[in-house]
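Peer 1: Submitted below is the structure of interest, expressed as structure tokens.
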Amino acid sequence: MDKKTFHFGLTGYPLAHSLSPALHDAALAATGLEGSYDLFPISPLPDGFDDLAALVNRVHTGQLDGLNVTIPHKQSVLQFVEECSPAVKRVGAANVIYRLNGHLVAENTDIPAFKEDLNTWLSDFTSEFLPPRRALVLGAGGAARSVVDALLSDTWKVVIAARNLQQAVDLCASLSPYYPTGGLDTTTLTAPALKKLEPPFLIVNTTPAGMWPDTDLSPWPDGLALPETSFVYDLVYNPAETALVKAARAVPIPALSGGGMLIGQAALAFTLWTGRPAPKQVMRRVFDQKAGLAEKPSSKRGSLL
Ligand code: NAP
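Numbering-wise (our numbering), the sequence shown opens with residue 12 and increments by one.
In structure tokens, the structure reads:
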């Protein structure tokens, strides 16, 4: 019998500089599987409607074994699938499409990937460093939905700070019914508003501020010191050390950027598509090389500052 060849891909717009092909190619090679991972840039809807429908249909017909989805299609892709996982129903966004028992299914692997990376990182610290689980989430877009859901499901109290308060209020309104015990609040992303909060233990950046090429940008308001007892997790992974992570390490407080989450979501997708455990260490090595971390061990994940 011929050996199966897997076909995966990523859609979004724009897709320049995506690390996903390198991560999945390395995972396929290390697992001894044949296959390829292609980029399918598709314009935002309504212009890209027909192209997105046709691409998702390729998963339905088996021409594609799996599809990753990123900005701006994480929400709009849901109209083309037959089933949404419980996580996708909660947050209203998917990053993985695959076929399960003949059905086209949408899944969100960002949520478990963030949760696992955060918890692995925090487990490096002894409990004296782990005060009440109070988190401040910067931004209220698609990634914030996954992060807030992950934190609430792990019993964190969460304040969402957004420059557009209405966006944070809407996020709060759509997730609150799933977490009836509460623990979710909103505020504006300004120095005076953040000063009024009890110092959070964890600050999570879910905005793209600081992402290449705008590497000098930070989502943290000018003129406000980072709390000296906080930890910072920045979802941005390109560059590996963002302006916010640099500022945190200068305080010094522990800080981590989003490479581990990126690898985690890719690894979970790989397993959904192939039924095989993903070679995460191989994927981490590829990420470190691509992100220019290979020669800078002090800034690898797991380092405290
Ligand atoms: P998105 O849906 O466009 O949401 C971005 C959010 O950030 C919006 O609330 C936006 O507010 C806000 N924002 C943008 N620029 C800002 C600034 N300079 N200051 C303050 N707020 C700002 O994007 P997304 O899908 O959530 O992605 C956000 C970032 O997370 C991206 O850099 C993405 O690469 C990263 N991400 C990483 C991973 C990972 O695996 N590590 C996974 C998912 C996402 P406005 O509406 O006011 O612009």
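C-beta atoms are modelled at their ideal positions from N, C-alpha and C, and glycine is treated no differently. Predicted, not measured: the structure shown is a model, and the values here were computed from it.
Does Thr16 come out as helix, strand or coil in the three-state DSSP assignment?
Peer 2: Thr16 falls in the strand class under three-state DSSP.
Peer 1: Quick test of your reading: Pro123 and Leu279, contact by CB under 8 Å. State the CB separation rounded to the nearest angstrom.
Peer 2: The pair is a contact, with the Cβ atoms about 6 Å apart (cut-off 8 Å).
Peer 1: Among Leu133, Ala41 and Arg69, which residue has its Cα nearest to the Cα of Leu21?
Peer 2: The residue with the shortest Cα to Cα distance from Leu21 is Arg69.
Peer 1: According to DSSP, simplified to helix, strand and coil, what is Gly270?
Peer 2: If DSSP states are grouped into helix, strand and coil, Gly270 belongs with the helices.
Peer 1: Tell whether a beta-carbon distance below 7 Å holds between Asp128 and Met272.
Peer 2: Yes, Cβ-Cβ distance for Asp128 and Met272 is below 7 Å.
Peer 1: Could you please go through the chain and list the residues whose beta-carbon is closer than 6 Å to any non-hydrogen atom of ligand 1?
Peer 2: Here the residues come out as Ile82, Asp121, Gly150, Ala151, Gly152, Gly153, Ala154, Ala155, Ala173, Arg174, Asn175, Gln178, Leu200, Thr217, Thr218, Pro219, Ala220, Met222, Leu228, Pro230, Leu246, Val247, Tyr248, Gly269, Met272, Leu273 and Gln276.
Peer 1: Could you check what DSSP says for Thr198 in three-state terms: helix, strand or coil?
Peer 2: Three-state DSSP puts Thr198 in a strand.
Peer 1: Looking only at its own chain, which residues have a Cβ that is under 6 Å from the Cβ of Pro219, when we skip the five neighbours before and after it?
Peer 2: Taken in chain order, the list of residues that qualify is empty.
Peer 1: Quick check: what's the CA-CA separation for Ser229 versus Asp13?
Peer 2: Going by the C-alpha atoms only, they are around 51 Å apart.
Peer 1: Looking only at its own chain, which residues have a Cβ that is under 7 Å from the Cβ of Pro25, when we skip the five neighbours before and after it?
Peer 2: Cβ neighbours of Pro25 beyond the five flanking positions: Pro52.
Peer 1: What does a CB cutoff of less than 7 Å around His35 pick up in its chain, not counting 5 residues either side in sequence?
Peer 2: The answer, listed in chain order, is Phe19, Tyr48, Ala277 and Phe281.
Peer 1: Run the CB neighbour count on Phe1, radius 10 Å, all protein chains shown included, and call it buried at 16 or more, exposed below.
Peer 2: Residue 1 lies beyond the stretch modelled for the chain, which goes from 12 to 316, so this question has no answer here.
Peer 1: Please classify Pro203 as buried or exposed, where buried requires at least 16 neighbouring CB atoms within 10 angstroms.
Peer 2: Pro203 should be labelled exposed.
Peer 1: For the region 242 to 257 against the region 96 to 115, are there 3 or more C-beta pairs whose distance is under 8 Å?
Peer 2: No, the region 242 to 257 is not in contact with the region 96 to 115.
Peer 1: By the 10 Å Cβ neighbour count, where 16 or more other Cβ atoms means buried, how is Trp284 classified, buried or exposed?
Peer 2: With 16 or more other Cβ atoms within 10 Å, it is buried.
Peer 1: What is the DSSP secondary structure of Val215, reduced to helix, strand or coil?
Peer 2: Three-state result, Val215: strand.
Peer 1: Quick check: what's the CA-CA separation for Leu186 versus Asp245?
Peer 2: Cα-Cα distance, rounded: 22 Å.
Peer 1: Spatial neighbours of Arg145 within its chain, please: CB distance less than 6 Å, with the 5 preceding and 5 following residues excluded, ordered by chain position.
Peer 2: Lys168, Pro211 and Phe212.
Peer 1: Just checking my contact of Ala151 with Ala173 at CB under 8 Å: how many whole Å lie between their CB atoms?
Peer 2: Rounded, the Cβ-Cβ distance is 4 Å, consistent with contact.
Peer 1: What residue range is occupied by the uninterrupted beta strand (DSSP E) comprising Phe242?
Peer 2: Residues Phe242 to Asp245.
Peer 1: To the nearest angstrom, how far is the alpha carbon of Ile274 from that of Ala289?
Peer 2: In a straight line, the C-alpha of Ile274 is about 10 Å away from that of Ala289.
Peer 1: CA-CA distance, Tyr109 and Gly194?
Peer 2: Each residue's Cα considered, the two are about 33 Å apart.
Peer 1: What is the C-beta distance between Val99 and Asn79, in whole angstroms, given that I count them as a contact (C-beta under 8 Å)?
Peer 2: Actually they do not touch by this definition, with Cβ atoms about 14 Å apart.
Peer 1: To the nearest angstrom, report how far apart Leu63 and Glu239 are at their CA atoms.
Peer 2: For Leu63 and Glu239, the distance between alpha carbons rounds to 46 Å.
Peer 1: Looking only at its chain, what residues have a beta carbon closer than 8 Å to the beta carbon of Pro143, apart from the 5 residues adjacent to it on each side?
Peer 2: Lys168 and Phe212, listed in sequence order.
Peer 1: Of the choices Trp132, Leu30, Phe17 and Thr72, whose alpha-carbon is the least far from that of Lys301?
Peer 2: Lys301 has its Cα closest to that of Leu30, out of Trp132, Leu30, Phe17 and Thr72.
Peer 1: So, helix, strand or coil for Asp299, using DSSP?
Peer 2: Of the three classes helix, strand and coil, the one that applies to Asp299 here is helix, per DSSP.
Peer 1: Report whether the distance from the Cβ of Val169 to the nearest heavy atom of ligand 3 is below 6 Å.
Peer 2: In terms of ligand content, the structure shown lacks ligand 3 and carries ligand 1 instead.
Peer 1: Comparing C-alpha positions only, which one of Arg296, Gly113, Pro57 and Ser164 sits nearest to Pro83?
Peer 2: For the residues Arg296, Gly113, Pro57 and Ser164, the minimum Cα distance to Pro83 belongs to Pro57.
Peer 1: My understanding is that Leu133 touches Ile214, with C-beta atoms under 8 Å, so please give their C-beta distance in whole angstroms.
Peer 2: With a Cβ gap of about 13 Å, Leu133 and Ile214 do not count as contacting.
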